[in-house]
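Okay, structure first, notes after.
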Amino acid sequence: MAVEVRIPTILRTHTDGAKAVEGSGTTISEVIDDLETRHSGLKERLVESGDLRRFVNVYVNDEDVRFLAGVQTPVKDGDTIVVLPAVAGG
Amino acid sequence: MRYESLLDSVGETPLVGLPRLSPSADVRLWAKLEDRNPTGSVKDRAVLWMLIDAEKVGRLRPGCTILEPTSGNTGISLAMVAKLRGYRLVCVMPENTSSERRQLLQMWGAEIVDSPAAGGSNEAVRVAKGIAAEHSDWVMLYQYGNPANAAAHYEGTGPELLADLPSITHFVAGLGTTGTLMGVGRFFREHKPDVRIVAAEPRYGELVYGLRNLEEGFVPELYDETLIDSRFSVGPRDAVRRTRELLEEEGIFAGISTGAILHAALAQAAKSVEAGESADIALVVCDGGWKYLSTGAYEGTVDEAEDRLEGQLWA
Numbered sequence: 004m005a006v007e008v009r010i011p012t013i014l015r016t017h018t019d020g021a022k023a024v025e026g027s028g029t030t031i032s033e034v035i036d037d038l039e040t041r042h043s044g045l046k047e048r049l050v051e052s053g054d055l056r057r058f059v060n061v062y063v064n065d066e067d068v069r070f071l072a073g074v075q076t077p078v079k080d081g082d083t084i085v086v087l088p089a090v091a092g093g
Numbered sequence: 029m030r031y032e033s034l035l036d037s038v039g040e041t042p043l044v045g046l047p048r049l050s051p052s053a054d055v056r057l058w059a060k061l062e063d064r065n066p067t068g069s070v071k072d073r074a075v076l077w078m079l080i081d082a083e084k085v086g087r088l089r090p091g092c093t094i095l096e097p098t099s100g101n102t103g104i105s106l107a108m109v110a111k112l113r114g115y116r117l118v119c120v121m122p123e124n125t126s127s128e129r130r131q132l133l134q135m136w137g138a139e140i141v142d143s144p145a146a147g148g149s150n151e152a153v154r155v156a157k158g159i160a161a162e163h164s165d166w167v168m169l170y171q172y173g174n175p176a177n178a179a180a181h182y183e184g185t186g187p188e189l190l191a192d193l194p195s196i197t198h199f200v201a202g203l204g205t206t207g208t209l210m211g212v213g214r215f216f217r218e219h220k221p222d223v224r225i226v227a228a229e230p231r232y233g234e235l236v237y238g239l240r241n242l243e244e245g246f247v248p249e250l251y252d253e254t255l256i257d258s259r260f261s262v263g264p265r266d267a268v269r270r271t272r273e274l275l276e277e278e279g280i281f282a283g284i285s286t287g288a289i290l291h292a293a294l295a296q297a298a299k300s301v302e303a304g305e306s307a308d309i310a311l312v313v314c315d316g317g318w319k320y321l322s323t324g325a326y327e328g329t330v331d332e333a334e335d336r337l338e339g340q341l342w343a
């Protein structure tokens, strides 16, 4: 299952500056584990005790995974995953 | 309809059907026209409630200076009310906001302190908190954490929607301070718990997410995720495309954040159609398009508009 994962500026130190990387897995959690094998340190910035960190938002095809199944949200071939820091709107 | 003064006319906005954008006879979209408020945006509701609340508890007294971080509409609304009530207003505003918003603020007599474009509203909040610490006598109503912001929607927007659309199944609004979603969300959790609450969050260009570290991230103090059922991130391309569709199909000239909300509402509508359910989906038209004409969102191709919005706080 190949998916595109878009990485925010602040985490690109882990991806050699790449804005988007390819990952594989059937859930968000598996994709993050897969990314960690090539982009060391990324997982720790995203996840804390099995859950997304407070100021990290992850979207699958534009939907916030916190309202789907969190890190267990399923992903399928061709999905786009976007990682963004939580910032103020309004 | 007759009112004693302009401030008395806040709220009780029309709810209009969107027959051409609704996907079927069983899945219908309805737009709550919040641009019909006195300064042309949904923020008049929150501002009036926060102000009355602060006056009631004695935080605001004649001659006070009000300080607020705002990317536009809250400031514009505050500026109008502050002028009528005799307060001085200082707004902290990211420098990458449209010139119309600045002109309107100045017209109503507000003073503007610029915050850096990089970091967007996050920086405005940080700068405002710094200024507040230096001026202990200034009053920051602080829309991100003031319960009166959500109360305006719990007491107003929510009951109005239920009265006008008793068959409502979904409510879709923008996620900024989270006040609209929290207030309406709580109202429906208590009065019609089957109603699903859908958030549309604008996704800006990279500049806006330029934090120095993740710990500088920001979640408004008002935000309670149990009051929301799904949350969509909407980029400028989809927001512009939908803003134009709303004008083209239904004749409504709305701001760009409304396009983002319509995008999420249509995504929800498609899910309802697919599931074979009937649905009455109410969405918020936050403001009209007037203040955003200079952004270039309404001219040329969608590609061109998307390029012009890069780096701007368009919602």
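Those protein sequences? They're chains X and L, same order as listed.
Following my numbering, the numbering of the first sequence begins with 4 at its first residue and continues without gaps.
Following my numbering, the numbering of the second sequence begins with 29 at its first residue and continues without gaps.
Ideal placement from N, C-alpha and C gives every residue a C-beta, glycine not left out.
If distances are taken between C-alpha atoms only, which option among the options comes closest to residue i?
i	options	result
L/S285	L/E305, L/Y182, L/K71, L/V313	L/V313
L/W166	L/V262, L/G279, L/R87, L/E244	L/R87
X/V6	X/Y62, X/T12, X/G20	X/Y62
L/L169	L/E62, L/V120, L/G238, L/Q340	L/V120
L/K60	L/L190, L/V44, L/I104, L/K84	L/V44
L/S354	X/G81, X/D80, X/V34, X/V68	Absent from the structure is residue 354 of chain L, since the part of chain L shown begins at 29 and ends at 343.
X/T40	X/R56, X/E51, X/H17, X/R57	X/H17
L/G137	L/S105, L/G317, L/L235	L/S105
L/L57	L/P47, L/T323, L/Q171	L/P47
X/G25	X/L87, X/V90, X/A89, X/T83	Correcting the residue type first, residue 25 of chain X is Glu in the shown sequence and not Gly. Cα-wise, what sits closest to X/E25 is X/T83.
L/R154	L/G283, L/Y320, L/E244, L/G213	L/E244
According to DSSP, simplified to helix, strand and coil, what is residue i?
i	result
L/M29	coil
L/G148	helix
L/L341	coil
L/T98	coil
X/I13	helix
L/G45	strand
X/R69	helix
L/F281	coil
L/V268	helix
L/W318	helix
L/N177	helix
X/Y62	strand
Between residue i and chain X, is the shortest Cβ-Cβ distance under 8 angstroms, so that the two count as touching?
i	result
L/E334	no
L/Y115	no
L/P264	no
L/Y320	no
L/I256	yes
L/R270	no
L/F216	no
L/F199	no
L/G372	Past the boundaries of the shown model lies residue 372 of chain L; chain L is included only from 29 to 343, so the question cannot be answered.
L/N124	no
L/G148	yes
L/L133	no
L/G245	yes
L/E234	yes
L/V153	yes
L/N241	yes
L/G238	yes
L/S261	yes
Is the CB of residue i under 8 angstroms away from at least one CB in chain L?
i	result
X/L87	yes
X/T12	yes
X/V90	yes
X/D110	An answer regarding residue 110 of chain X cannot be provided, because it is not within the stretch 4 to 93 covered by chain X.
X/V34	no
X/V63	no
X/V59	yes
X/R41	no
X/R15	no
How big is the Cα-Cα spacing for residue i and residue j?
i	j	result
L/T208	L/Q131	26 angstroms
L/H163	L/P221	44 angstroms
X/A23	L/E218	42 angstroms
L/V111	L/L117	According to the sequence as given, residue 111 of chain L is Lys; it is not Val. Distance between the alpha carbons of L/K111 and L/L117: 8 angstroms.
X/G53	X/N60	14 angstroms
L/A307	L/D54	6 angstroms
L/G114	L/P122	25 angstroms
X/A72	X/L14	23 angstroms
L/F199	L/A228	11 angstroms
L/D72	X/H42	47 angstroms
L/K84	L/V109	15 angstroms
L/V301	L/G147	39 angstroms
X/D37	L/N150	32 angstroms
L/P264	X/D65	13 angstroms
Where does the unbroken alpha helix (DSSP H) through residue i begin, and where does it stop?
i	result
L/I225	Element bounds for L/I225: not the alpha helix (DSSP H) but the beta strand (DSSP E), 224 to 230.
L/G304	Premise fails: L/G304 is in no alpha helix (DSSP H) and is neither H nor E.
L/G238	Careful: L/G238 lies outside any alpha helix (DSSP H) and carries neither H nor E.
Could you give the residue range of the beta strand (DSSP E) that holds residue i?
i	result
L/I80	No beta strand (DSSP E) contains L/I80, which is instead part of the alpha helix (DSSP H) from 71 to 84.
X/P77	Looking at the DSSP string, X/P77 is not in any beta strand (DSSP E), and its letter there is neither H nor E.
X/P88	83 to 88
Would residue i count as contacting chain A if we go by Cβ distances under 8 angstroms?
i	result
X/V8	In the structure shown, chain A does not exist; the protein chains are X and L.
Measuring only from the beta carbon, is residue i closer than 7 angstroms to any heavy atom that is part of the ligand NAD?
i	result
L/V155	The ligand NAD is absent from the structure shown, which contains no ligands of any kind.
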